[in-house]
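The sequence shown maps to residues 330 to 752 in our numbering.
All residues carry an ideal CB built from backbone N, CA and C; glycine is no exception.
The block underneath contains the structure these notes are about, expressed in structure tokens.
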Amino acid sequence: MEKITVIKGFKDILPEDTPIWWQVESIARKVFSSYGFREIRIPIMEKTELFKRSIGETTDIVEKEMYTFRDRDEELLTLRPEATASVIRAYIEHNMPSSEQITRLFTIGPMFRRERPQKGRFRQFHQIDAELFGADEPQSDAEVILMLVHFLESTGLPEMSLEINSLGCKSCRPVFSGAVVDYLRGSEEYLCADCRRRMHTNPLRVFDCKVESCITIIEKAPQILDYICLECKNHFAQVKAYLNALNIKYVVNPTMVRGLDYYTRTAFEVKSGSLGAQNSLAGGGRYDGLVSFLGGPEVSGIGFAVGFERLLACLPADTEISRYKTELFIAALGSRAQKIGFKLACELRRAGISAAMDYSDKSLKSQMKRADKLNSAYTLIMGDKEIENRQIELRNMSTKNQQVLPFGNLHESIIDIIKERGK
Ligand code: HAM
330 MEKITVIKGF KDILPEDTPI WWQVESIARK VFSSYGFREI RIPIMEKTEL FKRSIGETTD
390 IVEKEMYTFR DRDEELLTLR PEATASVIRA YIEHNMPSSE QITRLFTIGP MFRRERPQKG
450 RFRQFHQIDA ELFGADEPQS DAEVILMLVH FLESTGLPEM SLEINSLGCK SCRPVFSGAV
510 VDYLRGSEEY LCADCRRRMH TNPLRVFDCK VESCITIIEK APQILDYICL ECKNHFAQVK
570 AYLNALNIKY VVNPTMVRGL DYYTRTAFEV KSGSLGAQNS LAGGGRYDGL VSFLGGPEVS
630 GIGFAVGFER LLACLPADTE ISRYKTELFI AALGSRAQKI GFKLACELRR AGISAAMDYS
690 DKSLKSQMKR ADKLNSAYTL IMGDKEIENR QIELRNMSTK NQQVLPFGNL HESIIDIIKE
750 RGK
């Protein structure tokens, strides 16, 4: 029979890799909660309209990367390509704006984009996403950026660079877009077909183009920071001042526009050299106006998402990971020992001790091999003879020392020894 393989661009996360996922998730939960962020879990599928309206009809994500299908009742549904839109949908739907002035939420989970798979780019990938609603003061921009940097540093990421920009607001950005279109008109023939189209549909997207000839043209294009209004300029100046006060290193990248249409004012990206071409580890920014555009009240928002797989790829190979460990292996030899061993293993597991045993009553040699393979801290050696003598041997697998435990209160003795070791 032909075997069925995983879908292109999708990946299994194998048991040897899940401990680092747990570890990074638990660092995120710990760091984010110290900034007052609370976890929200949202569905992986939404009505297509939500992403079209928020991310923008003429972005690459909406134009060509969404997994969209018609449900049996003809409704158009999409596997989420990002989390911000869904978090906002939930924020509005559960009336959060009316119960608190500022809401800080985070979520962790899979996202789906039908991009061309390559190193660091998948069709199912995971994001760690945080969103802050209800504050437009520059302190909140600095707070969110600090939290991102704090989180990334806590994971042990050896190097990163933070780039920031301001994308202006709904009054000054159209002026800039107009200037870009005017500039591109002179070089239309050198632009790729996509950019020639983007010029008329969404001129800022030309800044994201990876085609060499377009990059050369864009290098000399007008820069947004020369076009933003006084309020946006002041806001950006204050964000930078707060980042300086917090000793957060950054560079201003005036050509960074981000790939989603909803951003206003502050936009930022974290890059890491070790990622190569797909070097963006995290990205985010402010999106004042998006909550009301999705049917909610006039509430500001700012957030970011970290690419989980890309972050893991950047962590040093010697990152200390608390791996799964077997605390006790029960080597039971003979039918009586097997029965008693099985009951003991079940009791110990209920008491929170990771206990393993081989149910097939193999030779002692083969059971000891299995205990080694499972990296077991202790092995209990129990044959019918030992049970008869009511004395069971416990071997410390790292020191190789053996001690004899009385059969009568085996359960308690083992729990005491293992708990003592864990202290
Ligand atoms: P984004 O820049 O599209 O922003 O994605 C954030 C991060 O997700 C990227 O920096 C990258 O690490 C990771 N990522 C994106 N696409 C892929 C892929 N195909 N394979 C692997 N990793 C990928 C957003 O999604 C915004 N929602 C962020 C945000 C939150 N803005 C405000 N709040």
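Identified DSSP bridge partners for E460: L434, G632
Residue range of the beta strand (DSSP E) that includes N494: 490-495
8 Å contact criterion, which A660 and L709 should meet: CB distance rounded: 7 Å
Contacting residues, own chain, Cβ-Cβ under 8 Å from R443 (five flanking each side not counted): G338, K393, E394, M395, Y396, R452
Inter-stretch contact at 8 Å, needing at least 3 Cβ pairs: the region 723-731 / the region 695-714: yes
Nearest candidate by alpha-carbon position, reference L408, set A684, D555, S427, F441: F441
CB of L640 within 9 Å of CB of L610, strictly: yes
Residues near V510 by beta carbon distance below 7 Å, same chain, minus five either side: M528, P532
Bounding residues of the alpha helix (DSSP H) (the contiguous stretch that carries G670): 664-679
Reference I329; option with closest CA among E492, M374, K340, P410: This structure leaves residue 329 out entirely; the chain is present only between 330 and 752.
Buried or exposed by the 16-neighbour rule on C-beta atoms within 10 Å, applied to D341: exposed
Neighbour-count burial assignment, M585, 16 or more Cβ in a 10 Å radius: buried
Best match in G588, S383, S664, S362 for proximity to K539 [C-alpha to C-alpha]: G588
beta-carbon I631 near the ligand HAM non-hydrogen atom, thresh 8 Å: yes
Beta-carbon gap between Y556 and C501 smaller than 9 Å: yes
I336 burial status per 10 Å Cβ neighbour count (16 or more: buried): exposed
Buried versus exposed, by CB contacts within 10 Å (16 or more), S651: exposed
Expected contact under 8 Å - CB spacing of I631 and T595 to nearest Å: 7 Å
Residue environment, K569, which counts as buried when at least 16 other CB atoms sit within 10 Å: buried
A550 versus L604 - alpha carbon distance: 27 Å
Cβ-heavy atom distance, I577 to the ligand HAM, below 8 Å: no
Bounding residues of the alpha helix (DSSP H) (the contiguous stretch that carries F637): 637-643
T387 and R525 closer than 9 Å at C-beta: no
Under the three-state DSSP convention, the category Y512 falls into: helix
Best match in G614, G624, A666 for proximity to L477 [C-alpha to C-alpha]: G614
CA-to-CA distance, S415 to F633, given in whole angstroms: 14 Å
Within 9 Å, strictly: CB atoms of I437 and E354: yes
Straight-line Cα distance separating N730 from C675: 25 Å
S689 CB to nearest heavy atom of the ligand HAM below 8 Å: no
Through-space distance from V504 to Q352, alpha-carbon basis: 46 Å
Closer than 8 Å: A412 CB and nearest the ligand HAM heavy atom: yes
Proximity test, R639 beta-carbon vs the ligand HAM heavy atom, cut-off 8 Å: yes
K381 versus P439: straight-line alpha-carbon distance, rounded: 19 Å
Close beta carbons around G670, own chain, < 7 Å, minus the five adjacent residues each side: I659, A661, M686, M711
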